[in-house]
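Data first, discussion second: the structure below is written as structure tokens.
Below, the structure written as structure tokens:
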């Protein structure tokens with residue numbers, strides 16, 4: 795049974811999202827988000843997290859990306875990115 799499961803998993807294509815299908819919403823700072831956020835991870839992280847994050851959540855997430863993971867952005871860019879994410883992908 796274990797061998798059968800392993801065979802099925804090996805024969806299956808990887809479950810990566812099609813990056814071309816994920817398009818971020820138009821808006822101020824969209825290009826900044828693409829340049830800063832997508833430099834480290836795929837765009838699908840943003841809509842994937844949107845049901846869970848309000849403005850404070852996005853602010854915490856952006857701060858974590860900078861302070862913990864070393865995302866390259868300036869404080870003024872962080873504010874613009876948080877505004878874009880909260881406006882376009884904030885929890886309702």
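Residue numbers (my numbering): 795 to 886. By construction, the Cβ of each residue, glycine as well, lies at the ideal position given by its N, Cα and C atoms.
One Cα belongs to residue 835, the other to residue 868, and the distance between them is close to 18 angstroms.
Contact annotation: residue 830 and residue 865 have beta-carbon atoms nearer than 8 angstroms. DSSP, reduced to helix, strand and coil, places residue 843 within a helical segment of the structure shown.
Contact annotation: residue 872 and residue 856 have beta-carbon atoms nearer than 8 angstroms. An exposed status is given to residue 842, since fewer than 16 other beta-carbon atoms sit within 10 Å of its beta-carbon.
Secondary structure at residue 838: coil, using DSSP grouped into helix, strand and coil.
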